[in-house]
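Presented below is the structure to which this report refers.
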Amino acid sequence: MPALGTFTLLATFVVASYALAASIAGGRRRSRALIESGVGAFYMTAALMAVASGIIIHAFVTDNYAIKYVQRYSDVAQPLAYKITSYWGGLDGSIMFWVLLLSVFGTIAVASNRERHRELIPWVVAIMAATEMFFIFIMVVHNNPFDTFVASAPAEGKGLNPLLQNFYMAIHPPSLYTGFVAMTIPYAFGMAALITGHLDDAWLRAVRRWTMIGWLFLTFGLTLGMLWAYEELGWGGFWGWDPVENAGLLPWFTATAFLHSVMVQERRGMLRVWNVTLVITTFFLTIFGTFMTRSGVVQSVHAFGEDRWLAGLFSGFMILLLTFSFAYVIYRLPLLKSRHELDSWFSREAAFLANNWILLFSAFFILFATMFPTLSEAVRGQRLTVGPPFFNQWMRPIGLVLLVLTGIAPLLAWKKSTLSNLVQQFTWPVAALIVTGAAVFALGIRVWSSGICFALCAFVGATILQEFIRGASVRKGASGSDYFTALVGLVARQQRRYGGYIVHLGIVLMFLGFAGQGYKQEKDMQLNPGEQNSVAGFTVRHDSIAVTSDDQKQMITGHVTVFRNGKQLAQMAPARWFFAKHESQPTTEVAIRRAPGEDVYIVLAAYDIGTQNATYAVTVNPLVDWIWLGFGILAIGTGIALLPERAFAFAGARVPEGVVTTSLLLLMLLLPGVARAQTVIQKDALRQQLEGDLMCTCGGCLAPMNNCPMAGACHGLKEQREKVNRMIDQGMTREQIKAAFVREHGGVDVLSAPPDEGFNRLAWALPYVAGATGAALVGLVAYRWTRRPAMPDAPAAAGAEVPVEDALAARLDDELRDLD
Amino acid sequence: MSSETSTSDGFHVSHFFVLLSLMAATVAVVMARPAAPEHLILISLTVGAAGLAALCFYRLLAPLVAPHVDMDRQPLSDRLRADLEREKALTLRSIKELEFDRAMGKVSPADFEEMTGRLRARAIGIMKQLDSASSAYRAVIEKELEQRLGAKPAAPAPAPAPAAVKAAPVVHAASAGTCACGTVNDPDARFCKSCGARLQEVTQ
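As you go down the protein sequences, you meet chains L and V in turn.
The opening position of the first sequence corresponds to residue 762 in this note's numbering, with each subsequent residue numbered one higher.
The opening position of the second sequence corresponds to residue 9 in this note's numbering, with each subsequent residue numbered one higher.
Here is the structure:
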């Protein structure tokens, strides 16, 4: 079997190279036979990858430990579902899975666009085949998942990491990969349009649709990742700014930017170069994200480990990709000239420009902050850490600005908003903003970022509501139906626009959830059976500790009862599971009681089976479920926007509803730790600050002390906490304690954010510089547009044509009248 | 699957490969028999994928031995036609959307005129393409008939040579964006997307 697998991979490589060669030759010689043959070859790669995947899954299911990869990620006791998902649990398999997804998606894209974009197809196939070849090449020469043991095979497998044996983890990577892979398709179409010079707006439609599908999966994958972190890691938060999480976020930002700026191109014929650039950048970032995760250039809990050879190969591919793509952009610049100019700063176009600038800045900032430790090590040989505090400090205001734009942009008119326009559109949303802001202020909400966020959510909510209400009344007037019918018709007829507004609504809900993190409360309780303790109005009573076991693991479960105002709310059972062969890494099974207002989140931090004494870390997490709900809404909105064009509408639309999950979206913002710094934790303020400042030194978790994903089971955290407490008791200041840790640890990487001095100042200064430069560039471009004399020929030609084609124009009018 | 692979009695090449995979899967399952059901399902699926690969291989080879067809000289297929119809519907929809925007107070009347002008020109372009396409289709049929009957018609068909996307018959360039080579471009395009010629000379 393994030999057959390796052979299939080789065959795929050969077929993919044939697809590449036949398509290029066919495209250049305009030979239909060659093009068709290339398309057939491309379909064949998908079928062959399916065969290879079948072989490896079969090996997993039948416990064929002769294959190294299977032996490493599976064992006999694993449930069937996790044996199958082990396929993408490791580096080699994940690359193979990547190629499978790419070939399948590519096949769907080619099959559905073959007639519509006949000119582009050979080049689309060539680009995708080349990308596939790169990944297959890696597998064939370096990371072959079918590698076997030379001598005798071990009798037992090592088993999948227990942290990954979780429902969300089983579907999170495929979803994220799907998002990444789907971004290859817009790139392939974009490059095909550049190569052939068919740069009118037609190619955009295929690209927009696939970007949306990719975007939805990316959002879904990121949300699942958050949900996994929240449920499985047990530190009460959901986003830790880990490099691998960031890798998924980068293309998400650029894809979001593209989905917005593409509207400007469709409506106004502007931003052409920019849109092509965004498509290329998004694809580049997906490759870059893969590179970051797999080459070990950054330190992360879930990176696959260092691999210089792979890093070199990826770097080469990325350089080639950038050179090739941008060379074509430059070559085609004359065809990409904008046909219109910016008329006013108070216009939809200008708002989109601002939105793009901020999204791009976010992507750049995260990229920079993620790579800074690597950069610092290369330049100065000093390893340091850029942790959540640094990200949060930046992303909080950026997220709020984005939220403002979400509210403003839909209210502005295309081309130019007049004063009366503005008054008419802004009255109600601004009123909502002021009322909510005043209410929040009157209630004495202490956390500024959360307070502002609440007010802005009201603003955006009012904007969306107003759009729906006004739209429905316009439609009601036009169609003479009743209000409700008009509302349904409105959404059904203009899926893209109203689907988009629904997506915005989902984002508002997520922001509510992020803002709620500002009011999180945590408390550690050490209890004997029957004792109780309270946090944030909830009383927790410890009942007992039980020890049970099954084939795979031993389970220690704490039984607690939760009361509120004397009334019993729930029986909860936080646990720790010790998987066989992974005893040193017990998993944390968090008990969560979900409610719209707040979650009660209980972790069994420590226990003594003899005395039945247990320590629980109890967190009350306000509004967190709104994030998951927000994703549901967002997915429905995306589904609606995708729906019109038959064939794969279902692909995007189904995912959403069933899943109670969420996304990340805006996660950026107020994330996890966001609030952590200001949280009303019942701990000494200095100790709390220090827990955010200092990294956990256990060497495994790479997180600040208050963020340690292994809290409870972490073997160094407890001692470190005691040491910090001792230092505080000795009267040392925050700076002194930090200095002491740096001295003792021998490097500043023990701090969660680089100290603001010397070379590190770059980390703090560069985002400012980049932000300002970006703003200046956007301003300059906009200024030039406003100055450019209108091209007389375009509108005139369009206007002049109508009278000439009288008959057709009359027919057009008829058809428009008939159209609902 | 394109039509050249089907034969007159309705048997499709893909049927052959489906049959082949079914037989191969049966053999594989019988040979692997003392095994859990999920193994057998996996084996069958894998064999099915292999059958698919074989079908694709056929698709790879078939065009190479088929009679040569220049990609520019194919009549408008039904699918392309459907796509053009869709394109037209989308353009009409955009015009409607714009009217809606005007009603919502999101576009000023002057801007509205200019923007609809562009869209209307585009819609008219597509309608022309659709019209010409149906006559081109007729020409192809007539030509085929002519070949089969072996008789020369008294007068050549009035429609131009079979040409679809590329060669709309309206070559007199009355409309903006139509190039001398016959390609219909966006009305405000300045160069032809097919031959690269400057379009202003044509339109003015």
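The beta-carbon is built from N, C-alpha and C at its ideal position, and this holds for glycine as well.
Given residue i, which residues of its chain have a CB within under 6 angstroms of its CB, disregarding the five upstream and five downstream residues?
i, result
"Gln1287 (chain L)", "Thr1376"
"Lys1342 (chain L)", "Gly920"
"Thr1440 (chain L)", "Unreliable placement is indicated for Thr1440 (chain L), whose pLDDT of 32 sits below 50; the coordinate value is still reported in the next sentence. Once the five neighbours on either side are set aside, the close Cβ partners of Thr1440 (chain L) are Lys1281."
"Asn1374 (chain L)", "Asn1289"
"Ser1105 (chain L)", "Lys1177"
"Asp1312 (chain L)", "Ala838"
"Ser1137 (chain L)", "Gln1143 and Leu1145"
"Ser1210 (chain L)", "Arg1157"
"Thr769 (chain L)", "Leu809, Val812 and Ala813"
"Gln1315 (chain L)", "Phe1339"
"Met1466 (chain L)", "Glu1452, Leu1455 and Cys1457"
Whose C-alpha, out of the options, is nearest the C-alpha of residue i?
i, options, result
"Pro883 (chain L)", "L:Val775, L:Ile785, L:Ser913 and L:Gly801", "L:Ile785"
"Val1269 (chain L)", "L:Asp961, L:Ile1394 and L:Asp1490", "L:Ile1394"
"Met1271 (chain L)", "L:Met987, L:Glu1480, L:Ala1501 and L:Ala1111", "L:Met987"
"Phe802 (chain L)", "L:Asn874, L:Glu893, L:Glu993 and L:Phe768", "For the sequence presented, residue 802 (chain L) should be read as Ala rather than Phe. Considering only alpha carbons, the answer is L:Glu893."
"Thr1038 (chain L)", "L:Met1053, L:Ser1022, L:Gly1030 and L:Ile1048", "L:Ser1022"
"Ala1174 (chain L)", "V:Gly113, V:Ala58 and V:Arg94", "V:Gly113"
"Lys1098 (chain L)", "L:Leu1121, L:Arg1545, L:Arg1578 and L:Phe1245", "L:Arg1545"
"Thr1167 (chain L)", "L:Arg1355, L:Gln1293, L:Tyr1262 and L:His903", "L:Tyr1262"
"Ser1178 (chain L)", "V:Val115, V:Cys200 and V:Asp91", "V:Val115"
"Thr1043 (chain L)", "L:Ala1016, L:Arg1055 and L:Gly1540", "L:Ala1016"
"Gly1255 (chain L)", "L:Gly1274, L:Gly1277, L:Phe1229 and L:Gln1278", "First, the amino acid is wrong: residue 1255 (chain L) is Gln here, not Gly. Among L:Gly1274, L:Gly1277, L:Phe1229 and L:Gln1278, the Cα nearest to that of Gln1255 (chain L) belongs to L:Phe1229."
"Ser1295 (chain L)", "L:Pro1158, L:Val1379 and L:Leu1266", "L:Val1379"
"Asn1007 (chain L)", "L:Met1132, L:Ile956 and L:Ser1076", "L:Met1132"
"Phe24 (chain V)", "V:Gly204, V:Gly56 and V:Ala36", "V:Gly56"
"Arg969 (chain L)", "L:Met930, L:Leu1011, L:Thr939 and L:Leu1020", "L:Leu1020"
"Met1456 (chain L)", "L:Pro1134, L:Glu1496, L:Leu1114 and L:Val1509", "L:Val1509"
"Met123 (chain V)", "V:Gly133, V:Met135, V:Ile132 and V:Leu106", "V:Leu106"
"Leu832 (chain L)", "L:Ile1195, L:Thr909, L:Leu1046 and L:Leu1081", "In the sequence on display, residue 832 (chain L) carries Gln and not Leu. Per the Cα distances, L:Thr909."
Apart from the five residues on each side of it in sequence, which residues of its chain come closer than 7 angstroms, Cβ to Cβ, to residue i?
i, result
"Leu765 (chain L)", "Ile816"
"Gly854 (chain L)", "Ile817, Tyr830, Tyr848 and Pro906"
"Trp1582 (chain L)", "Since the first residue shown for chain L is 762 and the last is 1581, residue 1582 (chain L) is missing from the structure and cannot be characterised."
"Ala772 (chain L)", "Leu809"
"Val1221 (chain L)", "Leu1164, Thr1167, Gly1168, His1265 and Val1269"
"Ala954 (chain L)", "Leu881, Leu960 and Trp964"
"Tyr938 (chain L)", "Phe858, Trp859 and Leu862"
Among the residues of its own chain, which have a CB less than 8 angstroms from the CB of residue i, if the five just before and after it don't count?
i, result
"His296 (chain V)", "Nothing about residue 296 (chain V) can be read from this structure; chain V reaches only from 9 to 212."
Measure the beta-carbon distance from residue i to residue j and round it to whole angstroms, keeping in mind my assumption that it falls under 8 angstroms.
i, j, result
"Phe108 (chain V)", "Val1235 (chain L)", "6 angstroms"
"Lys844 (chain L)", "Val822 (chain L)", "6 angstroms"
"Ala1223 (chain L)", "Ala1193 (chain L)", "4 angstroms"
"Phe896 (chain L)", "Val865 (chain L)", "Wrong, their Cβ atoms sit about 14 angstroms apart, outside the cutoff."
"Ile725 (chain L)", "Met900 (chain L)", "The requested residue 725 (chain L) is not part of the displayed model; chain L covers only 762 to 1581."
"Gly982 (chain L)", "Pro1012 (chain L)", "Actually they do not touch by this definition, with Cβ atoms about 11 angstroms apart."
"His878 (chain L)", "Ala777 (chain L)", "Not confirmed; about 21 angstroms, so no contact."
"Ala1366 (chain L)", "Asp1285 (chain L)", "7 angstroms"
"Val1485 (chain L)", "Arg1448 (chain L)", "6 angstroms"
"Ile1213 (chain L)", "Leu1251 (chain L)", "The Cβ separation is near 31 angstroms, so there is no contact."
*the segment 1087-1096 of chain L / the segment 1139-1155 of chain L touching (three or more Cβ pairs under 8 angstroms)*: no
*Determine which residues of the segment 1172-1185 of chain L have a Cβ less than 9 angstroms from any Cβ of chain V, and write them out in chain order.*
Leu1172, Leu1173, Ala1174, Trp1175, Lys1176, Lys1177, Ser1178, Thr1179, Ser1181, Asn1182 and Gln1185
*asked:* Along the segment 1203-1214 of chain L, where does the CB come closer than 8 angstroms to a CB of chain V? Name the residues.
replied: Sequence-ordered contacts of the segment 1203-1214 of chain L with chain V are nonexistent [C-beta pairs closer than 8 angstroms].
*asked:* Measuring CB atoms only, is the segment 1372-1392 of chain L touching the segment 1252-1270 of chain L, in the sense that at least three cross pairs come out at less than 8 angstroms?
replied: Short answer: they touch.
*Near-chain L residues of the segment 41-64 of chain V - C-beta to any C-beta below 9 angstroms*: Ala43, Ala44, Glu46, His47, Leu50, Ile51, Leu53, Thr54, Val55, Gly56, Ala57, Ala58, Gly59, Leu60, Ala61, Ala62, Leu63 and Cys64
*Spell out a yes or no on whether the segment 63-71 of chain V and the segment 793-807 of chain L are touching, meaning 3 or more CB-CB pairs, one atom from each, closer than 8 angstroms.*
yes
*Please determine if the segment 987-997 of chain L and the segment 921-929 of chain L are in contact, where contact requires at least 3 C-beta pairs separated by less than 8 angstroms.*
A contact between stretches requires three or more CB pairs, one per stretch, nearer than 8 angstroms, and the segment 987-997 of chain L meets this requirement with the segment 921-929 of chain L.
*How do the segment 1347-1361 of chain L and the segment 1230-1250 of chain L stand: do at least 3 beta-carbon pairs fall below 8 angstroms, yes or no?*
no
*Please confirm if the segment 1323-1331 of chain L is in contact with the segment 1295-1302 of chain L, defined as three or more CB-CB distances below 8 angstroms between the two stretches.*
yes
*Positions along the segment 131-157 of chain V whose CB lies within less than 8 angstroms of some CB in chain L*: Ala131, Ile132, Met135 and Lys136
*Between the segment 946-961 of chain L and chain V, which residues of the former have CB atoms less than 7 angstroms from a CB of the latter, in chain order?*
Gly958, His959 and Asp961
*Between the segment 803-825 of chain L and chain V, which residues of the former have CB atoms less than 7 angstroms from a CB of the latter, in chain order?*
Tyr804, Met805, Ala808, Leu809, Ala811, Val812, Gly815, Ile816, Ile818, His819, Val822 and Thr823
*Give the residues from the segment 831-854 of chain L that approach chain V closer than 7 angstroms (Cβ to any Cβ), ordered along the chain.*
Leu841
*Between the segment 779-801 of chain L and chain V, which residues of the former have CB atoms less than 9 angstroms from a CB of the latter, in chain order?*
Tyr779, Ala780, Ala783, Gly787, Arg791, Ser792, Arg793, Ala794, Leu795, Ile796, Glu797, Ser798, Gly799, Val800 and Gly801
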